[in-house]
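Top line first, the protein sequences correspond to chains A and B.
Residues in the first sequence are numbered from 36 upward in steps of one, following the working numbering.
Residues in the second sequence are numbered from 512 upward in steps of one, following the working numbering.
Heads up, the beta-carbon is just placed ideally off N, CA and C, and yes, glycines get one too.
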Amino acid sequence: MSDEIALDQLKESGLDVFQDTVDEFLAAADVGVVYGEPIKHEDTLIIPTAEVLCVMGFGLGSGSGTDTSKSPESPSSGSGSGGGGGGRILSRPVAVVVSSPEGVRVEPVIDLTKLALAGLTALGFMVGMMFRMSSRRHSLPGLED
Amino acid sequence: MPLIESEVKQGEATRHGNLELIPVNQVFRIQSAGKHVGFIWNRPKAIVVRDEDGQEQVLPVTDVTRIAIWAMLAGGILGAILIGLLYRHQ
Numbered sequence: 036m037s038d039e040i041a042l043d044q045l046k047e048s049g050l051d052v053f054q055d056t057v058d059e060f061l062a063a064a065d066v067g068v069v070y071g072e073p074i075k076h077e078d079t080l081i082i083p084t085a086e087v088l089c090v091m092g093f094g095l096g097s098g099s100g101t102d103t104s105k106s107p108e109s110p111s112s113g114s115g116s117g118g119g120g121g122g123r124i125l126s127r128p129v130a131v132v133v134s135s136p137e138g139v140r141v142e143p144v145i146d147l148t149k150l151a152l153a154g155l156t157a158l159g160f161m162v163g164m165m166f167r168m169s170s171r172r173h174s175l176p177g178l179e180d
Numbered sequence: 512m513p514l515i516e517s518e519v520k521q522g523e524a525t526r527h528g529n530l531e532l533i534p535v536n537q538v539f540r541i542q543s544a545g546k547h548v549g550f551i552w553n554r555p556k557a558i559v560v561r562d563e564d565g566q567e568q569v570l571p572v573t574d575v576t577r578i579a580i581w582a583m584l585a586g587g588i589l590g591a592i593l594i595g596l597l598y599r600h601q
């Protein structure tokens with residue numbers, strides 16, 4: 036009986052943690068997450084913007100059992116529960132909204148490091164293919180051979 | 512049945528001078544039936560500028576970095592395919 040109560044309490048506390056995590060996860064979809072606090076400087080207002088990627092996984096489990104193998108007259112029982120989860124939030128600046136007396140404009144934020152990495156990857160694809168094709172051609176026997 | 516949805520939301524307006532700036536975002540969400548697994552992609556979509564006459568202007572927020580990265584990767588793959596085809600025909 037006390038095992039069942041303890042198991043229920045564990046389940047409830049696990050569910051509370053689970054609910055909090057889901058609430059935090061759902062908060063990542065809010066407008067305020069991608070638009071930062073407006074920064075005012077003299078006549079200019081700046082609003083930073085960012086994109087947010089959020090991934091989450093969660094699992095809970097519980098169980099109980101009775102062992103009658105040692106003494107069938109007084110069986111021993113046990114129970115347990117457990118849970119685990121993980122997640123990751125990625126955020127990246129996208130643009131800055133600038134409102135000045137001249138008007139409102141959106142200035143993009145360009146991540147040069149990511150662009151360089153993408154460029155090197157693209158170049159790697161092409162150079163790799165060139166090496167592969169030229170080495171294949173050299174390894175083929177000629178017609179006169 | 513997993514929940515897959517995309518929605519456009521408007522945030523609170525910010526007043527600057529005689530202009531009102533309304534942020535708009537787009538959320539793409541995938542959630543498993545039991546809400547055990549989830550994915551959210553939240554990105555800024557546009558800024559709606561409303562003047563005191565009530566006229567609205569929509570300024571899209573373009574993610575230049577993302578477009579450039581995908582263009583480069585697509586160019587790299589296409590280039591590799593073209594190089595392969597050229598070598599094969601020679």
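Query, Result
"Min CB distance Gly-117 of chain A to chain B below 8 Å", "no"
"Pick from B:Val-575, B:Val-569, B:Met-512, B:Arg-526 that is closest to Arg-140 of chain A, judged by C-alpha positions", "B:Val-569"
"As assigned by DSSP and simplified to three states, the class of Ala-157 of chain A", "helix"
"Reference Arg-554 of chain B, options B:Arg-599, B:Asn-536, B:Arg-540, closest by Cα", "B:Asn-536"
"Close beta carbons around Val-68 of chain A, own chain, < 6 Å, minus the five adjacent residues each side", "Val-87"
"Validate contact between the segment 105-112 of chain A and the segment 50-67 of chain A using beta carbons, cut 8 Å, 3 pairs", "no"
"Rounded separation between Gly-595 of chain B and Val-162 of chain A - CA only", "11 Å"
"Whether Ile-81 of chain A touches Val-131 of chain A by CB criterion (8 Å)", "yes"
"Cβ neighbour criterion (16 or more within 10 Å) applied to His-527 of chain B", "buried"
"Positions along the segment 573-588 of chain B whose CB lies within less than 7 Å of some CB in chain A", "Thr-573, Asp-574, Val-575, Thr-576, Ala-579, Ile-580, Met-583, Leu-584, Gly-586, Gly-587, Ile-588"
"Ser-134 of chain A, buried or exposed, once every other Cβ within 10 Å from all chains shown has been counted against 16", "buried"
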